[in-house]
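Okay, so here's the structure we're looking at.
Residue numbers (this note's numbering): 2 to 69.
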């Protein structure tokens, strides 16, 4: 199998602007952290809140939280 064959087959499923989207989400999360800290704390991935409080949106919105 050629080296680029798998890449060529999966290219149509790729997200073209993925790095820009991730950086954009981090920037939005950064501004939320300083502007409205209470809203930012609702976005953070917290397993306890997911299991006990049924806050399932945290499984998706954690991408807005800053990586520190």
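Glycine is no exception: its CB is placed at the ideal position from the N, C-alpha and C atoms.
Same chain, Cβ closer than 7 Å to residue i, five either side skipped, listed in chain order
| i | result |
| --- | --- |
| residue 62 | 44 |
Spatial distance of residue i from residue j (CA atoms)
| i | j | result |
| --- | --- | --- |
| residue 93 | residue 64 | The displayed coordinates of the chain run from 2 to 69. Any statement about residue 93 would go beyond what the structure contains. |
| residue 40 | residue 6 | 45 Å |
| residue 10 | residue 17 | 15 Å |
| residue 52 | residue 59 | 11 Å |
| residue 68 | residue 13 | 29 Å |
| residue 56 | residue 21 | 27 Å |
Segment limits, alpha helix (DSSP H) that includes residue i
| i | result |
| --- | --- |
| residue 24 | 19 to 36 |
Check whether residue i and residue j have beta carbons under 8 Å apart
| i | j | result |
| --- | --- | --- |
| residue 25 | residue 66 | no |
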